[in-house]
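Visitor: Right, I'll just put the structure down here and ask away after.
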Amino acid sequence: MPKYRDGDSRSDRRSGPYDGSNKQKHRSRDRDRSDDRRKHRRRSDDLEPCSTFDDMKLKPDLLKGIYAYGFEKPSAIQQRAIRPIVRGRDVIAQSQSGTGKTAVFSISTLQLLDETSREVQALVLSPTRELAEQSQRVIQSLGDFMNVNCHACIGGKSLGQDLKELERGGVQVISGTPGRVYDLIRRNALRMTQLKVMVLDEADEMLNRGFKEQIYDIYRFLPVGCQVVLMSATLPASVLEMTQKFMSDPIQILVKRDELTLEGIRQFFISVEKEEWKFDTLCDLYDTLTITQAVIFCNTRQKVDWLAEKMKENQFTVSAIHGDMDQDTRDKVMDDFRSGTSRVLIATDLWGRGIDVQQVSLVICYDLPSNRELYIHRIGRSGRFGRKGVAINFVRKEDVRLLRDIEQFYSTQIDEMPADVGDLL
């Protein structure tokens with residue numbers, strides 16, 4: 001049974017042997033670690049931007065993978081966050097969608113790995129299966145010239161395959177969802193004793209009520225001294241407060257709320273008198289615009305199914321994805337959308353977090369999001385990595401207040417859609 005990290009006040013939730021001498025030893029090691037970090041904190045160059053990947057002093061084979069993947073210059077968040085993580089610091093990194101947060105933890109994790117070890121050294125947790133699989137693909141691709149194996153452990157896929165892969169050994173990075181990862185830990189199939197870093201991707205969602213307990217359960221198995229990294233587009237104060245429980249003197253790389261408006265994405269609204277008018281408005285848009293690829297967001301799974309069926313009845317080619325679909329169906333839908341076989345995807349907010357399809361040029365909010373912090377995740381699906389994109393919001397009379405609230409929250413302006421919107425795509 002691995003030793004638990006000190007600092008978990010919920011001792012009743014521990015299992016296995018745990019005595020006072022162990023606790024004292026953990027405290028001593030934590031104190032040493034904190035002392036080291038206080039010394040390290042005086043080094044101001046931790047947060048100085050590093051303008052090229054070459055200047056980051058990364059492994060040569062990792063650099064080859066970065067350039068082969070198509071990166072040329074690090075984004076703003078990559079310039080500021082990679083070096084502190086590589087140097088062993090706990091990091092809270094916030095940056096707008098589409099700016100390369102996945103590459104931040106992927107590059108940092110690959111740099112930290114001991115390629116000669118066959119043990120699991122890094123754990124990346126994601127709120128959705130699709131996002132966990134995407135992270136696995138990015139890590140594996142960036143590490144293409146390294147001796148690295150990254151495996152995705154997610155619900156909906158074969159547990160037996162995960163057990164077989166871990167039993168065989170040689171998996172250094174796990175990208176997974178909390179439920180499957182915790183199940184594997186409890187079965188003692190996923191051993192955490194050599195873990196160097198745990199990454200929480202889309203931390204705001206991970207630490208919301210639905211995932212909080214699972215994160216705590218997994219956290220208690222981390223070895224003392226394990227790094228914790230949080231990545232997200234939004235970090236509410238409640239989340240930052242909670243990180244105090246399981247992060248050690250973290251560096252906070254945050255953007256101010258008034259900097260969160262998405263550069264390169266033009267935002268518009270269309271007034272629709274009634275809910276029933278939305279469909280005709282969507283059909284008019286569909287006929288008018290030349291769309292490379294688009295995502296249409298609805299607030300419920302039922303609405304996604306209804307809208308997809310309605311569009312197909314009217315001879316429009318669309319696909320749909322939501323959490324009620326089985327994993328094979330979701331995988332097929334995403335593969336078709338990534339390949340361009342499907343050009344328009346109707347989705348719930350499941351898809352709004354982190355799924356990266358570079359060709360998306362248009363996002364339509366058929367329903368305004370119920371939570372204003374979801375807005376940035378939705379419209380961030382267009383305009384990835386500096387490309388131009390357009391976001392169009394359907395707004396009923398009763399939605400006007402919510403629209404103004406979103407504008408105020410992000411210090412942005414959402415204009416009424418002009419007649420020439422097609423020229424912007």
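Here the sequence shown is numbered in full-length UniProt numbering, starting from 1 and rising by one per residue.
Glycine residues also receive a C-beta, built at the ideal position from the N, C-alpha and C atoms.
Nothing here was measured: the structure is a model prediction, and the numbers come from that model.
Tell me Phe269's beta-bridge partners as DSSP assigns them.
Guide: Asn393 and Glu416
Visitor: What number of angstroms, rounded off, separates the C-alpha of Ile92 from the C-alpha of Ile85?
Guide: 10 Å
Visitor: Can you tell me the Cβ-Cβ gap for Ile379 and Val395, rounded? I've got them flagged as a contact below 8 Å.
Guide: That pair is no contact at about 14 Å.
Visitor: If you draw a straight line from the C-alpha of Ser141 to the C-alpha of Thr99, how long is it?
Guide: 18 Å
Visitor: In the DSSP assignment, the alpha helix (DSSP H) including residue 454 goes from what residue to what residue?
Guide: Shown here, the chain extends from 1 to 425; a query on residue 454 therefore has no answer.
Visitor: By DSSP, does Leu233 sit in helix, in strand, or in coil?
Guide: Sequence check: residue 233 is Ala here, not Leu. DSSP places Ala233 in coil when its eight states are reduced to three.
Visitor: How would you write the range of the beta strand (DSSP E) that Ile296 sits in, first residue to last?
Guide: Gln293 to Phe297
Visitor: Just to confirm my understanding: we take Lys39, look at its own chain, exclude 5 residues before and 5 after, and list those with CB closer than 8 Å. What are they?
Guide: Low confidence applies here, because Lys39 scores a pLDDT of 37, under 50, leaving its location unreliable and the question unanswered by this model.
Visitor: Please report the Cβ distance between Arg180 and Ile154, rounded to the nearest whole angstrom; I am assuming they are in contact, meaning their Cβ atoms lie under 8 Å.
Guide: 5 Å
Visitor: Looking at C-alpha atoms only, which residue of Asp367, Lys101 and Ser108 is the closest neighbour of Met56?
Guide: Ser108
Visitor: Thinking just about the alpha-carbon of each residue, which of Glu119, Ser248 and Gly160 is nearest to the one in Met192?
Guide: Glu119
Visitor: Which of the three DSSP states is assigned to Val421 in this structure?
Guide: helix
Visitor: Please name the residue, chosen from Ala203, Arg168, Asp217 and Lys196, that lies closest to Ile185 on a Cα-to-Cα basis.
Guide: Asp217
Visitor: Assuming the contact rule is C-beta atoms closer than 8 Å, Ala233 and Ile376 should be a hit. Round their C-beta distance to whole Å, please.
Guide: Between Ala233 and Ile376 a beta carbon distance of about 5 Å is seen, short of the 8 Å cut, so the two are scored as contacting.
Visitor: Consult DSSP for His377 and reduce its assignment to one of helix, strand or coil.
Guide: It is helical.
Visitor: Among Asp349, Ala320 and Thr348, which one has its Cα closest to the Cα of Asp336?
Guide: Ala320
Visitor: From this set, Gln408, Ser370, Glu48 and Pro418, which residue's C-alpha is nearest residue 427's C-alpha?
Guide: Not covered by the structure: residue 427. The range shown for the chain is 1 to 425.
Visitor: In whole angstroms, what separates the C-alpha of Lys274 from that of Asp280?
Guide: Computed Cα separation, rounded: 11 Å.
Visitor: So what does DSSP say about Ala68, is it helix, strand or coil?
Guide: helix
Visitor: Counting beta carbon pairs with one atom in the segment 341-348 and one in the segment 196-206, are three or more of them shorter than 8 Å?
Guide: no
Visitor: For Gly160, name the three-state secondary structure that DSSP assigns.
Guide: Correct three-state label for Gly160: helix.
Visitor: Note down, in chain order, each residue of its chain lying with its Cβ closer than 8 Å to the Cβ of Leu47, except the 5 sequence neighbours on either side.
Guide: Arg80, Pro84, Ile251 and Ile253
Visitor: List the residues that DSSP assigns as beta-bridge partners of Ile85.
Guide: None, per the DSSP bridge assignment.
Visitor: According to DSSP, Gly143 sits in a beta bridge with which residue or residues?
Guide: Per DSSP, none; premise fails for Gly143.
Visitor: Extract the residue ranges of the beta strand (DSSP E) inside the segment 151-202, only unbroken runs of 3 or more that lie entirely within it.
Guide: 173-176 and 197-201
Visitor: Whole angstroms are fine: how far does the CA of Phe145 sit from the CA of Ile406?
Guide: 44 Å
Visitor: Nearest CA to the CA of Phe409: which residue from Thr177, Gly169 and Arg372?
Guide: For Phe409, the nearest C-alpha among the options comes from Arg372.
Visitor: Is the separation between the beta-carbon of Leu110 and that of Phe269 shorter than 8 Å?
Guide: At the C-beta level, Leu110 and Phe269 stay beyond 8 Å of one another.
Visitor: Thinking C-beta only, is Thr177 closer than 8 Å to Ala237?
Guide: Between Ala237 and Thr177, the C-beta spacing is not below 8 Å.
Visitor: On a CA-only basis, which of Asp61, Ala76, Gly210 and Gln194 is nearest Ser126? Give me that one, please.
Guide: Gly210
Visitor: Looking at the strands, I want to know which residues DSSP matches up with Leu123.
Guide: Answer by DSSP bridge pairing, in chain order: Ile174 and Met198.
Visitor: DSSP on Gly361, reduced to helix/strand/coil?
Guide: Inspection of the sequence shows that residue 361 is occupied by Ser rather than by Gly. Strand at Ser361.
Visitor: For Asp349 and Lys303, which I take to be in contact (beta-carbon distance under 8 Å), what is that distance rounded to the nearest angstrom?
Guide: That pair is no contact at about 12 Å.
Visitor: To the nearest angstrom, how far is it from the Cα of Glu416 to the Cα of Val390?
Guide: 13 Å
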